[in-house]
Amino acid sequence: MSSIFTKIVNGEIPCYKIAEDENFLTFLDVNPNAIGHTLCIPKQEINKIFDLDDALYLGLMQFSKKIAIALEKTVPCKRIGMSVIGLEVPHAHVHLIPLNEMDEMRFQNKVSLSKEEFEDLVKKIQANL
Numbered sequence: 269m270s271s272i273f274t275k276i277v278n279g280e281i282p283c284y285k286i287a288e289d290e291n292f293l294t295f296l297d298v299n300p301n302a303i304g305h306t307l308c309i310p311k312q313e314i315n316k317i318f319d320l321d322d323a324l325y326l327g328l329m330q331f332s333k334k335i336a337i338a339l340e341k342t343v344p345c346k347r348i349g350m351s352v353i354g355l356e357v358p359h360a361h362v363h364l365i366p367l368n369e370m371d372e373m374r375f376q377n378k379v380s381l382s383k384e385e386f387e388d389l390v391k392k393i394q395a396n397l
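For the sequence shown, the working numbering gives the first residue as 269, with consecutive numbering after it.
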């Protein structure tokens with residue numbers, strides 16, 4: 269059965285897409301720890317990040333870095349935190365989270381955004397890519 273991320277890649281489920289190329293996709297997390305919480309995924313469904321072959325792993329890190337730089341230009345924060353947990357969705361992914369305090373990395377406190385706020389944020393991040 270396809271993961272929710274594969275369904276997003278295939279266009280079966282909508283997302284707040286920031287960028288994509290032939291191998292990777294990035295979009296805003298719909299249940300964010302902080303404003304700008306972004307997910308970067310390989311389009312190929314591979315369960316664990318360390319199961320990615322070296323080229324795909326390095327490509328994901330390079331893609332994530334590019335997105336993190338744009339995110340930091342867009343969302344006021346002290347830095348962009350990166351986390352790879354992978355328990356909630358069986359599809360390798362990187363969390364990029366604008367940080368002003370450590371609690372924003374704990375996946376306990378969430379923020380809410382309207383559809384319009386998500387869409388506006390996507391446009392602002394894209395402008396900084």
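A virtual CB, placed ideally from N, CA and C, is assigned to each residue, including glycine.
Predicted, not measured: the structure shown is a model, and the values here were computed from it.
message: Quick check: K311 and N291, are their CB atoms within less than 8 Å of each other?
response: yes
task: Measure how close the beta-carbons of A323 and I365 come, nearest whole angstrom, since I'm counting them as under 8 Å.
output: That belief does not hold up - the Cβ atoms of A323 and I365 are roughly 26 Å apart, past 8 Å.
field: Inter-residue spacing [alpha-carbon to alpha-carbon] between I393 and N368
entry: 18 Å
query: Which whole-angstrom value is the C-beta distance of F386 and L296, which I expect to be below 8 Å?
result: Yes, F386 and L296 are in contact; Cβ-Cβ is about 6 Å, under 8 Å.
Beta-bridge pairing of L343 - partner residues as DSSP gives them: According to the sequence provided, residue 343 is Val. The question's Leu does not apply to it. In DSSP, V343 forms no bridge with anything.
message: Rounding to the nearest angstrom, what Cα-Cα distance links K333 and M269 in this structure?
response: Their Cα atoms are separated by approximately 30 Å.
- prompt: G349 and M373: beta carbons closer than 8 Å?
  reply: For the pair G349 and M373, the CB atoms are nearer than the 8 Å cut-off.
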